[in-house]
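Input: a single structure, listed below in structure tokens.
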Amino acid sequence: MNENLNLLIYKIAITLIPGVGPVTAKKLINECGSVEAVFNEQSSRLIKIEGIKDKLVADIRDKNLFRKAEKEIAFITEKNIKTMFFLMITIHSVLNNALMLHYYCIHLDQRI
Numbered sequence: 009m010n011e012n013l014n015l016l017i018y019k020i021a022i023t024l025i026p027g028v029g030p031v032t033a034k035k036l037i038n039e040c041g042s043v044e045a046v047f048n049e050q051s052s053r054l055i056k057i058e059g060i061k062d063k064l065v066a067d068i069r070d071k072n073l074f075r076k077a078e079k080e081i082a083f084i085t086e087k088n089i090k091t092m093f094f095l096m097i098t099i100h101s102v103l104n105n106a107l108m109l110h111y112y113c114i115h116l117d118q119r120i
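Residue 9 is where the sequence shown starts when you use this note's numbering, and the numbers rise one by one after that.
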């Protein structure tokens, strides 16, 4: 598997963990250093992350996540789908900047 697909499997797998949404995924990635590191981190360190419980650590260790992610990658590859992976803060920053730009445009229109 090439490097991009190898990273993609981890990105897809983190989205498949029950109960993990954008906030928890971002927290795990920030604490562990990368999406791949989340799955390679020691359970004892994961449990020390605020809000992470034993059940979530067990779900992170579930190897079925990778089987499901591999099926997703097969579909993505077959259909030639381009993927994007955003952390919530990235989307928030983009939307915030877009709102600020919209705000400035409105005020410029009013001045003219």
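Beta carbons: idealized from backbone N, C-alpha and C, even for Gly.
- The Cβ atoms of Phe83 and Ala21 lie no closer than 7 Å to each other.
- Per the C-alpha coordinates, the member of Glu49, Lys90, Val65 and Ala45 positioned closest to Pro26 is Val65.
- Distance check between Ala45 and each of Glu58, Lys61 and Arg69 places Arg69 closest, using alpha-carbon atoms only.
- Non-local C-beta neighbours of Lys19 in its own chain, meaning closer than 7 Å and more than five positions away in sequence, comprise Val43 and Phe93, ordered along the chain.
- Look at the region 40–93 and you find these whole runs of alpha helix (DSSP H), each 4 residues long or longer: 43–48, 51–54, 62–68 and 72–86.
- Distance from the CA of Lys61 to the CA of Ile55, rounded to the nearest whole angstrom, comes to 6 Å.
- Listed in chain order, the non-local C-beta contacts of Leu36 below 6 Å within the same chain comprise Val46, local neighbours out to five positions each way being set aside.
- Excluding residues up to 5 positions away in sequence, Leu73 and Lys76 lie with their Cβ nearer than 6 Å to the Cβ of Leu24 in the same chain.
- Remark: C-beta atoms of Glu78 and Ile57 do not approach each other more closely than 7 Å.
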